[in-house]
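What follows is a single structure, written as structure tokens, with notes after it.
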Amino acid sequence: MWTPPPQLQNCSAVSSEDPFLTSSSLPTCLPFASSQSVPLPFPMAHGTTTLAFMFQGGVMAAADTRSSCSGLVACPASQKILPIHSHLVGLTSGTSADCALWKRILARELRLYQLRHGRRLSTSGAAKLLSHMLHPFKGTELCVAATLCGKKMNLSGPRLFYVCSDGTRLRGMLFSVGSGSPYAYSILDQGVHWGLSVDEAKSIAREAVYRATYRDAYSGNCVDMYHITSKGWTRRNREDLKEEYYREKERACTHAHTHPQTDRQRRERAMLESKENWQEYHED
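Residue numbers 895 to 1178, in this note's numbering, belong to the letters of the sequence shown in order.
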């Protein structure tokens, strides 16, 4: 008689005190978490830029569309923001195949939960479910980093969770994941606040992805944006970041022609300060 491995035996062991999940709601069939390491044919060098933040109008999520592998662009138009349910979307970062597989598994379990219990699983419950399913694969080559964006059930407030392939689950108001996230954080930390309008949030999200793609070689091409509210999610039109680049150049040229004297004075002041600092350094 075949005996399931320990990974599958333990994945359904959840406390009955959990208000979101029960042992019957967890999946009984998951991919095998093999302990044997398979040699890779080439280095899996990849990167991305995904971000999501909360504001008074809900959650704004954005991501670039470039998929890379071994230092090459594998696909310039991939979709990294994946709708999971009518009230929930997920931003994926990591290996594309792993992210696509676990997105389908999570979407299946959410539909089964709704059929069994007659209600949708909350965003917090979905994050906890995904964390429980990924935890047996800790230490393997599975590479999944998902940001779940949704709403709190029975309330209008948004919810934002980060789940990693080692079972980590974090709740926050702002997340950026991927190789371009340090550059995106420089824009998000400066511009994001609770009182943003929808247009302002969209502009900041687009600007953050654009700045990340400008500095990070593994991010680029286009930007996808989703707006999640209490009524569900809405997908914004995909925008080419090349157009944002030309708009930035046009704004810089217009500012230079409008304030030529100001720019020249700023450059002269910077050169003077640099010269003074150099002299003080040598005098010391």
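Glycine included, every Cβ here is placed at the ideal spot set by N, Cα and C.
Item, Value
"Identity of the residue in SER1016, ARG1013, HIS1011 and LEU1000 nearest VAL1038 by Cα", "LEU1000"
"Backbone CA spacing between LEU1006 and ARG1014 [nearest angstrom]", "10 Å"
"Rounded separation between GLY1019 and ALA1106 - CA only", "31 Å"
"Where TYR1007 falls: helix, strand or coil (DSSP)", "helix"
"Identity of the residues DSSP links to MET954 by a beta bridge", "PHE947 and HIS1121"
"Cβ-based burial, THR944 [other Cβ within 10 Å; buried from 16]", "buried"
"Distance CB(HIS981)-CB(GLY1126) smaller than 8 Å", "yes"
"At least 3 beta-carbon pairs within less than 8 Å: the segment 989 to 1004 vs the segment 1139 to 1146", "no"
"Coil, strand or helix - GLY1085 by DSSP", "helix"
"Residue burial classification, LEU1166 (beta-carbon count within 10 angstroms, cutoff 16)", "exposed"
"DSSP-derived helix/strand/coil call for ALA1128", "The question names Ala, but residue 1128 in the sequence shown is Thr. Reduced to three states, the DSSP call for THR1128 is strand."
"Anticipated Cβ contact below 8 Å, SER1070 with ASP1110, distance rounded", "With 8 Å as the limit, SER1070 and ASP1110 do not qualify as a contact, their Cβ atoms being about 12 Å apart."
"Any 3 or more C-beta pairs closer than 8 Å across the segment 964 to 984 and the segment 1083 to 1091", "no"
"Opening and closing residue of the alpha helix (DSSP H) in which HIS1026 lies", "1017 to 1028"
"Nearest neighbour of TYR1079, chosen from TYR1104, LEU1064, GLU1094 and LEU1090 [CA to CA]", "TYR1104"
"Boundaries (first-last residue) of the alpha helix (DSSP H) holding TYR1112", "From DSSP, TYR1112 is part of no alpha helix (DSSP H); its letter is neither H nor E."
"Rounded separation between CYS1147 and THR986 - CA only", "37 Å"
"Counted within 10 angstroms of its Cβ, other Cβ atoms place ALA907 as buried (16 or more) or exposed", "Legend: pLDDT at ALA907 = 38, less than 50; position of this residue unreliable, no value from coordinates given."
"SER972 versus ILE978, LEU966, GLU1162 and SER961, residue with shortest Cα-Cα distance", "SER961"
"Separation of PHE949 from SER1091, as counted between CA atoms", "8 Å"
"Among ARG1129, GLN1159, PRO977 and TYR1108, nearest to LYS1136 - alpha-carbon criterion", "TYR1108"
"Where LYS974 falls: helix, strand or coil (DSSP)", "coil"
"Those residues which DSSP pairs with ARG1065 across a bridge", "PHE1055"
"Reference ILE975; option with closest CA among ALA1021, THR1041 and THR989", "THR1041"
"Alpha-carbon spacing of ARG1053 relative to GLY1044, whole angstroms", "5 Å"
"Per DSSP, the bridge partner or partners of ASP1134", "CYS1116"
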